[in-house]
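For reference, the structure is listed below as structure tokens.
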Amino acid sequence: MRPNSALATQKGIRVGSSKQDIINAYGQHYAKLDKQGLPIIAYADRERGTYVEFWLYEEKVETIWFGIIKTE
Numbered sequence: 140m141r142p143n144s145a146l147a148t149q150k151g152i153r154v155g156s157s158k159q160d161i162i163n164a165y166g167q168h169y170a171k172l173d174k175q176g177l178p179i180i181a182y183a184d185r186e187r188g189t190y191v192e193f194w195l196y197e198e199k200v201e202t203i204w205f206g207i208i209k210t211e
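Heads up: the sequence shown begins at 140 in the working numbering, then just goes up one per residue.
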């Protein structure tokens, strides 16, 4: 399956965007994670209860995950 580079976040980030593109679009306040050996940049929107993760490979977006912050 090939990634669809036409799909993008509201701020224009898509598979293939650079790490710097992400930071320019979303800002400096992010969490650095590591899952399955890949570096991840994550942003949380606590007001909306959502988050977005950008999984990187060689400093470029490989995968984008969106989710809901669970509050229990």
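Just so it is clear, CB atoms sit at the ideal spot from N, CA and C, and this is done for glycine as well.
Limits of the beta strand (DSSP E) - the one that residue i falls within
{"i": "Ala183", "result": "Leu177 to Asp184"}
{"i": "Tyr196", "result": "Thr189 to Tyr196"}
{"i": "Ile207", "result": "Lys199 to Ile207"}
{"i": "Lys171", "result": "Ala170 to Lys174"}
Terminal residues of the alpha helix (DSSP H) in which residue i lies
{"i": "Lys158", "result": "Lys158 to Tyr165"}
Candidates the options, of which the one nearest residue i by Cα
{"i": "Ala183", "options": "Lys199, Leu177 and Lys171", "result": "Lys171"}
{"i": "Arg187", "options": "Phe193, Glu197, Phe205 and Asp173", "result": "Phe205"}
{"i": "Tyr196", "options": "Gly166, Gly176 and Gly151", "result": "Gly176"}
Within 8 angstroms, strictly: CB atoms of residue i and residue j
{"i": "Lys209", "j": "Gly155", "result": "no"}
{"i": "Thr189", "j": "Ile162", "result": "no"}
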